[in-house]
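If you use full-length UniProt numbering, the sequence shown corresponds to residues 1 to 81, in order. Beta carbons are placed, not taken as given, at the ideal position from N, Cα and C, and that holds for glycine. Take a look at the structure below.
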Amino acid sequence: ERASTQHLDMLAKDSLAFERAYCTIAFCAPARAAVLTGRWPDTTGMYSEQFQLLRAKYIVPLPKLFRDQGYICHGAGKTFH
1 ERASTQHLDM LAKDSLAFER AYCTIAFCAP ARAAVLTGRW PDTTGMYSEQ
51 FQLLRAKYIV PLPKLFRDQG YICHGAGKTF H
């Protein structure tokens, strides 16, 4: 007998399903850095959880772009762990 998944079915009905989704790297912090900077890990210096984002002047993270336009940005939870 199959399990009832009515809530998951409702979520799936209103959701977007990606047929092909790709990630820049298999580690979470470098992948988030890639999303927030629009750059590959080899240009940010983040290859694993042990590396820190390079503070190069040409790397401008998305939250800074938002902040420069007057938005208030805050990271919490899985963004910083």
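### Message
For Ser48 and Ala29, I'd like the C-alpha separation in whole angstroms.
### Response
Rounded to the nearest angstrom, the gap between the Cα atoms of Ser48 and Ala29 is 7 Å.
- Item | Secondary structure, alpha helix (DSSP H): runs of 4+ residues fully inside the UniProt domain "Sulfatase N-terminal" (2-77) | Annotation note: the UniProt domain "Sulfatase N-terminal" (2-77) contains the following uninterrupted alpha helix (DSSP H) runs of length 4 or greater, listed N- to C-terminal: 6-13, 28-37, 41-44 and 62-68.
query: Going along the chain, which residues of its own chain have a beta-carbon closer than 7 Å to the beta-carbon of residue 90, five neighbours each way excluded?
result: Nothing can be reported for residue 90, as the shown portion of the chain is limited to 1 through 81.
TODO: Assign Arg2 to one of two classes, buried (16 or more other C-beta atoms within 10 Å of its C-beta) or exposed (fewer than that).
DONE: Exposed, since its Cβ has fewer than 16 Cβ neighbours within 10 Å.
Which value, in whole angstroms, describes the spacing of the CA atoms of Leu16 and Thr5? Straight through space, the alpha carbons of Thr5 and Leu16 are spaced by roughly 18 Å.
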